[in-house]
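Student: One structure, as structure tokens, below. Some questions next.
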Amino acid sequence: MKYQQSFREHIKPIPLGESRPLWSVMIPTYNCANFLRETLASVLVQDPGPEVMQIQVVDDYSTKDDPEAVVKELGGDRVEFYCQPENVRYIRNFNTCIQRARGKIIHILHGDDYVLNGFYKKMELLFAQHPDIGAAFCRQIYMDNQGYWHSFSPLEQFESGVLSNWLERIASEQRITTPSIVVRRDVYERLGGFDSRFTCTGEDWEMWVRIATTYPVAYEVQPLAVYRQSTLGSLTQTSMRTGKFFQDLRKADEIIQSYLPNYIQETIARKASKRARETYASWAISSSYQIFTRTGNVRDSLIPVKEALQFGCSSRVIMQLSRLFMKTITYKLKEKLIFFER
């Protein structure tokens with residue numbers, strides 16, 4: 078565990094006796110000022126006042142826009158602004174958010190996502206009803222780059238409250254988007270910040286698993302967080318095309334498996350890892366087809382296939398690869414038919 082801890086930033090406790098709000102809403106940004114207005118507006122409409130809620134934008138040295146101007150326009154003196162002295166990349170920026178948070182409960186809200194009215198009251202109620210929980214999250218809404226909602230996350234349970242068998246479930250698959258979850262600051266103080274070994278994804282999944290090893294986690298059934306899915310040219314899309322996205326997910330599974338058997342039976346831990354690897358192999362295969370249909374580049378579309386095989390060659394993965402092959406052939410045949418019809 079000491080080896081793992083060396084990759085996790087130590088979160089300094091707030092000095093005893095210092096006046097603290099209940100909430101810290103920390104908004105990390107990087108070249109996303111065009112979305113920041115909606116993010117800030119969704120928080121400010123629920124603002125209970127500075128005595129109860131700290132609101133701060135933490136910018137990772139944006140070069141393409143001016144988030145500070147947006148903060149001044151919408152938040153005035155109510156919203157704090159901090160800019161990194163240089164680009165430190167997103168994981169260090171997340172950890173900066175935690176370090177600068179003064180509240181007892183921290184919400185890291187991406188600068189291109191937003192929450193719906195009632196989010197903070199519902200989360201606060203869960204902590205009041207279940208004071209031993211380390212974190213709470215709600216059902217999530219997914220939107221595209223234009224802001225149109227297109228789907229919801231699966232319902233984790235039918236009633237709001239503490240989740241059962243949560244460690245096994247979260248270790249089997251990333252089930253939480255960062256804007257939907259809030260975490261007690263003293264949990265980060267005890268467990269450390271986000272792991273620095275990741276380059277594009279996986280740090281959030283590993284963190285949610287780490288929290289679940291030590292604390293109960295509560296769930297709100299009402300969908301109150303809206304997550305913007307990755308767009309062309311984003312870090313996620315680029316890393317999918319290069320394979321780094323899936324390499325990071327594999328790394329996350331390896332890190333989780335290094336400590337998971339200390340908290341649940343080894344056989345259950347292995348089953349969780351198998352389900353995770355099959356799920357992420359499936360994501361890779363789907364990504365391959367999307368890359369092919371969007372770009373027509375066979376070489377680029379084969380990179381996720383290679384990564385899918387790195388997760389293992391289970392019967393489920395082989396079946397999905399067979400379907401991918403048939404879908405690709407069908408797509409090319411349709412293209413040729415359209416060409417000849419012209």
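Numbering (the numbering used here), first residue to last: 78 to 419. Glycine residues also receive a C-beta, built at the ideal position from the N, C-alpha and C atoms.
1) Terminal residues of the continuous beta strand (DSSP E) containing Leu301?
2) If Phe158 and Val134 are in contact, beta carbons under 8 angstroms, what's the gap, nearest whole angstrom?
3) Please classify Phe112 as buried or exposed, where buried requires at least 16 neighbouring CB atoms within 10 angstroms.
4) Consult DSSP for Ala212 and reduce its assignment to one of helix, strand or coil.
5) Quick one: what does DSSP say Val156 is sitting in, helix, strand or coil?
6) Taking all protein chains shown into account, decide if Pro338 is buried (16 or more other Cβ within 10 angstroms of its Cβ) or exposed.
7) What did DSSP end up calling Ser316 once you bin it into helix, strand or coil?
8) Residues in the same chain with beta-carbon distance under 7 angstroms from Val129, minus the five sequence neighbours each way, listed in chain order, please.
9) Starting from Asp221, follow the beta strand (DSSP E) in both directions and report where the run begins and ends.
10) For the alpha helix (DSSP H) that Pro381 lies in, which residues bound it at each end?
11) By DSSP, does Ile185 sit in helix, in strand, or in coil?
12) Whose C-alpha, out of Arg376, Ser96, Tyr167, is nearest the C-alpha of Cys109?
13) CA-CA distance, Ala248 and Gly94?
14) Got a sec? Which residues, its chain only, sit under 7 angstroms from Cys174 by beta carbon, not counting five neighbours each side?
15) Among the candidates Gln82, Ser365, Gln299, Ala178, whose CA atom is the shortest distance from the CA of Phe196?
16) Starting from the Cα of Ile332, find the closest Cα among Ile368, Tyr225, Arg114, Glu280 and give me that residue.
17) Where does the unbroken beta strand (DSSP E) through Thr106 begin, and where does it stop?
18) Short of 6 angstroms in beta carbon distance, which residues of its chain neighbour Phe214, apart from the five on each side in sequence? Order them along the chain.
19) Measuring only the C-alpha atoms, how far is Ser230 from Asn374?
20) Going by DSSP, which residues form a beta bridge with Ser228?
21) Considering only residues of the same chain and omitting the five flanking positions on each side of Trp226, which have a CB-CB separation below 8 angstroms?
22) Between the region 318 to 330 and the region 374 to 391, do three or more beta carbon pairs fall short of 8 angstroms?
23) Would you say Val294 and Leu240 are within 8 angstroms of each other, going by their C-beta atoms?
24) Quick one: what's got a C-beta closer than 7 angstroms to Gln334's C-beta in the same chain, skipping five residues either side?
25) What whole-angstrom Cβ distance do Arg114 and Asp189 have, given they're in contact under 8 angstroms?
26) In angstroms, rounded to a whole number, what distance separates the CA positions of Ile29 and Ile362?
27) From Phe275 to Gln206, what distance separates their C-alpha atoms?
Tutor: Working from what's here:
1) 294 to 305
2) About 5 angstroms separates the two Cβ atoms, so the contact holds.
3) buried
4) Secondary structure of Ala212 (DSSP, three-state): strand.
5) coil
6) Flag for Pro338 reads exposed.
7) helix
8) Excluding residues within five positions, the ones whose Cβ falls inside 7 angstroms are Pro98, Leu99, Trp100.
9) Premise fails: Asp221 is in no beta strand (DSSP E) and is neither H nor E.
10) Counting along the chain, the alpha helix (DSSP H) containing Pro381 begins and ends at 375 to 387.
11) strand
12) Tyr167
13) Their backbone Cα atoms lie some 37 angstroms apart in a straight line.
14) Here the set comprises Met103, Pro105, Val135, Ile185.
15) Gln299
16) Glu280
17) 100 to 106
18) Ile253, Ser257, Ile258
19) 31 angstroms
20) Tyr219
21) Ile218, Tyr219, Met220, Val303
22) yes
23) Against a cut-off of 8 angstroms, the Cβ pair of Leu240 and Val294 comes out as a contact.
24) Ala346, Ser350.
25) That belief does not hold up - the Cβ atoms of Arg114 and Asp189 are roughly 11 angstroms apart, past 8 angstroms.
26) Nothing in the structure corresponds to residue 29, since the chain is present only between 78 and 419.
27) When rounded, the separation of the alpha-carbon atoms in Phe275 and Gln206 is 35 angstroms.
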